[in-house]
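A.B. asks: Residue 378 in the working numbering sits at position 318 of the sequence shown, with consecutive numbering throughout.
Just so it is clear, CB atoms sit at the ideal spot from N, CA and C, and this is done for glycine as well.
Structure provided below as structure tokens; questions to follow.
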Amino acid sequence: MIKAIVFLPLLASMLAGMLAFVKCGSDKHKKHKIDMYAQWITSAALLVAMVLSWIVFSQVGLHGETYTVTVLHWIQSGDLDLNWALKVDTLTAVMLVVVCTVSAMVHVYSVGYMHHDPDVPRFMSYLSLFTFFMLMLVTADNLVQMFFGWEGVGLASYLLIGFWYNKPSANAAAIKAFVVNRVGDFGFALGIFATFVMFGTVNLDTIFANAGTMADAQISIFSGQFHAITVICLLLFIGAMGKSAQLGLHTWLPDAMEGPTPVSALIHAATMVTAGVFMVSRMSPLFEYSDFALQVVTVVGASTAIFAATIGCTQFDIKRVIAYSTCSQLGYMFFAIGVSAYQAAIFHLMTHAFFKALLFLGAGSVIHAMSDEQDMRKMGGTWKLIPVTYSLMWIGSLALAGVWPFAGYFSKDTILEAAYGAHTGVGNYAFWMGITAAFLTAFYSWRLIIMTFHGTPRADEKTMAHVHESPKVMILPLLLLAAGACGAGWIGYEWFVGHGAAHFWGNSILVLESHPALENAHHVPGWVKLLPLVVGGAGIALAYLMYMFVPSLPGLVVSAIKPIHTFVFNKWYFDELYDAVFVKPAFLIGRGLWKVGDQAIIDGLGPNGVAQATQDTAEKASVLQTGYLYHYAFAMLVGVVLMVVWYMYIAG
């Protein structure tokens, strides 16, 4: 069953990929059939994988049947000996449900959304290929296999972001995502090397079994001695920062919205960006032995949560607002990990996957209705024209804002309570940053709803005349995701973070007794539990005040805090900073090496220089060849005179 879940998407990707090479010419009927076959094959494979993943979740998560399935013996080189194996425990089972369910819904949704695209088979092939790599990542039995899936999702992300390769902005966004992720992946690779050096293996079970004995081990780096597990964890976290768009390596995620909307929902909301959260949670037996690494994770996560939330309040592209929201919510997951509430982080990962995929696909439905318009300033007045999409966006936003009884209320509030319950300095920092981000989240969520659906229409008459509800093939996946956004929180609470959590998670996550933040979360003061609801309601009320009741107020606020607004609207100038610090110097160095190093020195003194000197000498010597006989006779006479002089006065 687990092999079918993992390899069905790969088989579907290969079949759809072959269909992409079928030549249809001007035969529209044949093209339609090819597109339909690609959609059916990939969607059916993912729907089967989804059903099987829920069965595995029942077997493993609810009945504790953990196991490892060996596919083949993969690598044997010196001390490195590993199998290609599929590790199935509760953490894997939860990720299988998330990946397969969201991917299946996105595949079905794409049947309608990408209906008129000329490259449907290629798109469906890429989607399924991404799903395969993501499943390889979450079922990895060892770090090398995990890295294979890790790099695979990076490749698929590059292909999908740049799917519309005729758009320069899409190509630039794909390259940016690829390059920024390579920075993080370099850290991840170094972390794997360091792990192998210290433990002599990359097998996860062996590493985890020996983690306690290595708690005080030192590693030598540049003649200095450092705490080995801390070094390993920090390097692994750098990889997670890149893949999960944490502060510093986040710049690729907003630009990734250049890809088709289904890509944004699958990769940049629900699956690939959560790979870092999964990886750090999987490595909890190492992180638990490094308080410093956990503190770094907490600070980075909390800072990302507030940083991205501030930017989300100022953006006008509907997909970019949701993208920055994703970045912010990933920050919540990481600071939950930082206070050792790994279970709460994965709980929020799961609930967030449902409601954020719902929001992205709902935004796609809006864009579809608005003739591909994404600027919220050119929307408005549409809620009566697309009531189903409007209602579903409300459900997604209520879950995102943490309003009871929607999914986000249970998972996000647990994270905030765990941060408070950690009773540490970084825990308190994370709690208050999370509370502030919760206020901003509610604010920008209702800013989006009001600007998109309410008020007088700001689009032209032609666009408004064509506003229509999406087809059923797009609405049905939204309804299923909405069910998850409504019920996943209260259904899963007891399993994931309640009193049954220890039995549910088994040995898939390790938390030391010295890190009781999740247990303390159940005993925090009443005001801690109530505060997220209060600030969420205040954020919603402020959005209504500014964008519905007093629509002139946003302009007045912007004028009053113009420098701050400019700073936040320009994304804290991270892109400009990186351009000045890294990009321009790299171009300057490259140009210098080209003009001076290559052309002036290598070409000037090397083969090209010798060839040029020979040519110059030949040109100057050719001046002597006039073709006149008396010139040659005169030259001979001069030669004879010189020889006589040499013989009489020098040789003699």
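Beta strand (DSSP E) containing D141: first to last residue?
C.D. replies: 140-148 is the extent of the beta strand (DSSP E) around D141.
A.B. asks: If you check the beta carbons only, do Y169 and L421 fall under 8 Å apart?
C.D. replies: Yes, Cβ-Cβ distance for Y169 and L421 is below 8 Å.
A.B. asks: Go to Q278, then tell me how far its beta strand (DSSP E) extends in each direction, as first and last residue.
C.D. replies: Run containing Q278: 278-281, per the beta strand (DSSP E) assignment.
A.B. asks: Using a 10 Å radius around the Cβ and a threshold of 16 neighbouring Cβ atoms, would you call G657 buried or exposed?
C.D. replies: Label assigned to G657: exposed.
A.B. asks: Can you give me the start and stop residues for the beta strand (DSSP E) that I135 sits inside?
C.D. replies: It spans 127-137 - the beta strand (DSSP E) in which I135 sits, taken as one unbroken run.
A.B. asks: Applying the 10 Å Cβ sphere with the 16-neighbour rule, what's the burial state of E679?
C.D. replies: Per the 10 Å Cβ criterion, exposed.
A.B. asks: Taking the continuous alpha helix (DSSP H) assigned at Q675, which residues delimit it?
C.D. replies: Looking at the DSSP string, the run of the alpha helix (DSSP H) that includes Q675 is 667-682.
A.B. asks: According to DSSP, simplified to helix, strand and coil, what is A98?
C.D. replies: DSSP places A98 in helix when its eight states are reduced to three.
A.B. asks: Tell me whether the beta-carbon of A478 lies closer than 8 Å to the beta-carbon of A404.
C.D. replies: Taking 8 Å as the Cβ cut-off, A478 and A404 qualify as a contacting pair.
A.B. asks: With a 10 Å radius around its C-beta and 16 neighbouring C-beta atoms as the bar for buried, classify G664 as buried or exposed.
C.D. replies: It counts as exposed.
A.B. asks: If you compare alpha carbons, which of P614, I509, K644, H483 is closest to P585?
C.D. replies: If we check each option's Cα against that of P585, H483 comes out closest.
A.B. asks: Quick one: complete beta strand (DSSP E) runs, 3+ long, within the region 389-447?
C.D. replies: Complete beta strand (DSSP E) runs here, min 3: none at all.
A.B. asks: Going by DSSP, which residues form a beta bridge with Q285?
C.D. replies: Answer is S280.
A.B. asks: Relative to the C-alpha of I446, which candidate in I495, G494, A525 has its C-alpha closest?
C.D. replies: Closest by alpha carbon: A525.
A.B. asks: At 4 residues or longer, and completely inside the region 289-365: list those alpha helix (DSSP H) runs for me, N to C.
C.D. replies: Listed in chain order, the complete alpha helix (DSSP H) runs (minimum 4 residues) inside the region 289-365 are 312-315, 321-325, 335-342, 344-347.
A.B. asks: Tell me the DSSP secondary structure of N580 in three-state form.
C.D. replies: Looking at N580 - three-state DSSP - the assignment turns out to be helix.
A.B. asks: Assign M258 to one of two classes, buried (16 or more other C-beta atoms within 10 Å of its C-beta) or exposed (fewer than that).
C.D. replies: It is buried - the Cβ of M258 has at least 16 other Cβ atoms within 10 Å.
A.B. asks: Tell me whether the beta-carbon of R242 lies closer than 8 Å to the beta-carbon of P314.
C.D. replies: Their beta carbons are not under 8 Å apart, which means R242 does not touch P314 by this criterion.
A.B. asks: Where in the region 611-662 do unbroken runs of the alpha helix (DSSP H), each at least 4 residues long, occur, reported from the N-terminal end onward?
C.D. replies: Fully enclosed alpha helix (DSSP H) runs of 4 or longer: 613-620, 622-629, 634-638, 644-652.
A.B. asks: Over the uninterrupted alpha helix (DSSP H) stretch that includes H563, give me the two end residues.
C.D. replies: Counting along the chain, the alpha helix (DSSP H) containing H563 begins and ends at 561-565.
A.B. asks: Name the two residues that bound the continuous alpha helix (DSSP H) containing L541.
C.D. replies: Looking at the DSSP string, the run of the alpha helix (DSSP H) that includes L541 is 532-556.
A.B. asks: Can we count G77 as close to the ligand SAH, meaning its CB is less than 7 Å from some heavy atom?
C.D. replies: Absence of the ligand SAH is noted for the structure shown, with no ligands found whatsoever.
A.B. asks: Please report the straight-line C-alpha distance between P320 and A164, rounded to a whole angstrom.
C.D. replies: If you take the alpha carbons of P320 and A164, they lie about 16 Å apart.
A.B. asks: Would you call the CB atoms of F192 and S73 closer than 8 Å?
C.D. replies: Yes; because the gap between Cβ atoms is below 8 Å, this pair is in contact.
A.B. asks: Let me know if R651 comes out buried or exposed under the rule of 16 or more other beta-carbons within 10 Å of its beta-carbon.
C.D. replies: Per the 10 Å Cβ criterion, exposed.
A.B. asks: May I have the straight-line CA-CA distance separating V641 from K631, to the nearest angstrom?
C.D. replies: Approximately 16 Å, taken between the alpha carbons.
A.B. asks: With DSSP collapsed to three states, give me the class of N20.
C.D. replies: Absent from the structure is residue 20, since the part of the chain shown begins at 61 and ends at 712.
A.B. asks: Would you mind working out which of I509, T474, G547 sits nearest S457, comparing C-alpha positions?
C.D. replies: Checking every option, the nearest Cα to that of S457 belongs to I509.
A.B. asks: Could you work out which residue in L156, L142, I101 is closest to F117 when comparing CA atoms only?
C.D. replies: The shortest C-alpha separation from F117 is found at L156.
A.B. asks: For W506, tell me which candidate among P531, V333, G615, I382 has the shortest Cα-Cα distance.
C.D. replies: Nearest of P531, V333, G615, I382 to W506, Cα basis: I382.
A.B. asks: With DSSP run on the structure shown, which of helix, strand or coil describes D377?
C.D. replies: DSSP places D377 in strand when its eight states are reduced to three.
A.B. asks: How long is the line joining the alpha carbons of G468 and D141, rounded to whole angstroms?
C.D. replies: Their backbone Cα atoms lie some 43 Å apart in a straight line.
A.B. asks: Among W210, S385, A335, which residue has its Cα nearest to the Cα of A365?
C.D. replies: Among W210, S385, A335, the Cα nearest to that of A365 belongs to S385.
A.B. asks: Going by DSSP in three states, A275 sits in which element: helix, strand or coil?
C.D. replies: It is coil, neither helix nor strand.
A.B. asks: Is there contact between the region 166-181 and the region 528-537, where contact requires at least three CB pairs shorter than 8 Å?
C.D. replies: Cβ pair count under 8 Å is three or more, so yes.
A.B. asks: Smallest Cα separation from A216: which of L70, A369, F513?
C.D. replies: Here the closest residue by C-alpha is L70.
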